[in-house]
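The structure under discussion appears below in the form of structure tokens.
There are 2 protein chains.
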Amino acid sequence: MLLTANKKELAVRSKLFRGFSDSSRLSILDALRDKPLTVGEIVEATGLSQSNASNHLGCLRDCGLVVAEQNGRYVTYHLSDDRVGDILALAESLLADVARGVYECTRYNQ
Amino acid sequence: MLLTANKKELAVRSKLFRGFSDSSRLSILDALRDKPLTVGEIVEATGLSQSNASNHLGCLRDCGLVVAEQNGRYVTYHLSDDRVGDILALAESLLADVARGVYECTRYNQ
DNA sequence: TCAATATATCAGTATACAATGATATATTAT
DNA sequence: ATAATATATCATTGTATACTGATATATTGA
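Chains as they are written, first to last, in this note's numbering: chain E, 781 to 890; chain X, 781 to 890.
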């Protein structure tokens with residue numbers, strides 16, 4: 781086997797995509813595409829429970845996809861980099877062409 | 781709650797990212813970036829077991845990220861669209877800047 | 001200081017899914 | 001037709017992880 785990319789490198793890269801690969805996290809990233817939002821606004825926009833949103837935000841924060849800023853008693857989140865939005869846009873565009881396949885994909889149940 | 785994107789749409793988009801979010805599948809996509817490969821070559825390049833590689837290929841195929849072509853008794857796979865490679869490249873570039881965060885991310889264990 | 005609001009953390013539970021091993025289905029060659 | 005090679009499928013198992021509910025930790029205002 782060639783194994784051009786070593787295991788650790790692959791793990792890190794796949795981890796980055798994990799940030800995008802759950803509907804709840806994706807809805808958060810989506811909401812932040814327009815403008816920074818407080819946790820409360822994110823909860824409102826996504827319909828997630830407070831603790832669930834907070835958990836996912838922690839995950840996205842750890843992975844460096846979003847950045848948190850404390851403003852008084854509020855915490856405002858924004859996308860860490862334009863490329864996060866770029867990846868979302870690219871996926872959206874790609875999906876427009878392969879959507880049927882994804883719909884028909886039965887390997888993932890959720 | 782605003783819920784600008786409905787549940788089904790989010791599920792489909794997050795599903796697309798699932799294709800990228802596992803090291804085994806990512807190693808397959810990575811291998812196919814250079815050129816089309818047969819299943820055997822993919823197994824060789826990634827070090828995955830035959831059945832595991834085949835399962836993941838089925839997943840990637842269903843989701844429309846790769847395309848299979850039967851050539852005699854071989855099946856050759858290639859990326860379905862340039863944007864698949866583009867997403868990989870964008871993520872790689874983004875990772876160069878946020879890698880530390882991803883390394884330190886403890887929410888995912890693998 | 002105390003109450004109220006905003007956010008984070010954590011244990012417990014249920015579910016999703018990656019990997020394996022065994023088997024089935026092509027396809028080609030003898 | 002049979003054997004050999006290439007790929008796909010499937011049931012099983014273990015592990016990872018999303019969600020909930022309860023609680024903890026700010027921060028602000030009265």
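Built from N, CA and C at the ideal position, the CB exists for glycine as well. Please read all numbers here as calculations on a predicted model, not as lab measurements.
Report yes if the C-beta distance between residue i and residue j is below 8 Å; otherwise report no.
i: Tyr854 of chain X; j: Thr818 of chain X; result: yes
i: Ala871 of chain E; j: Arg841 of chain X; result: no
i: Val864 of chain X; j: Leu809 of chain X; result: yes
i: Ala833 of chain X; j: Val846 of chain X; result: no
i: Arg805 of chain X; j: Leu868 of chain X; result: no
i: Leu796 of chain E; j: Leu796 of chain X; result: no
Counting only Cβ pairs nearer than 9 Å, list the residues of chain X close to residue i.
i: Leu859 of chain E; result: Near Leu859 of chain E there are no residues of chain X at all, since even the closest Cβ is about 11 Å away, more than 9 Å.
Under 8 Å between beta-carbons, which chain X residues line up against residue i? List them in chain order, please.
i: Gln867 of chain E; result: Here the sequence assigns Ile to residue 867 of chain E, which means Gln is not the residue at that position. Chain X residues near Ile867 of chain E: Ile867, Leu870, Ala871, Leu874.
Throw me the rounded Cβ distance for the residue i and residue j pair, which I believe falls under 8 Å.
i: Ser860 of chain E; j: Gly838 of chain E; result: In fact, because the Cβ distance is near 14 Å, the residues do not count as touching under 8 Å.
i: Ala791 of chain X; j: Ser803 of chain E; result: 5 Å
i: Ser801 of chain X; j: Ser801 of chain E; result: 4 Å
Residues of chain E with CB closer than 8 Å to the CB of residue i, please, in chain order.
i: Val878 of chain X; result: Leu796, Cys843, Gly844, Leu845, Ser860, Asp861
i: Ser834 of chain X; result: By Cβ distance, chain E contributes nothing, its closest Cβ being about 12 Å from Ser834 of chain X, past 8 Å.
i: Val864 of chain X; result: Leu874
Below 7 Å on C-beta distance, what does residue i contact in chain X?
i: Ser801 of chain E; result: Ser794, Phe797, Arg798, Ser801
In the DSSP assignment, what residue or residues form a beta bridge with residue i?
i: Gln850 of chain X; result: X:Val855
Tell me whether residue i, by its Cβ, gets closer than 7 Å to a heavy atom of the ligand MN.
i: Leu875 of chain E; result: For the structure depicted, the ligand MN is absent and the ligand set is empty, with no information on it obtainable.
Self-check item: Ordered list of alpha helix (DSSP H) runs contained in the segment 815 to 842 of chain X, each at least 4 residues
Solution: Unbroken alpha helix (DSSP H) runs of no fewer than 4 residues, entirely contained in the segment 815 to 842 of chain X, are found at 819 to 826, 830 to 842, following chain order.
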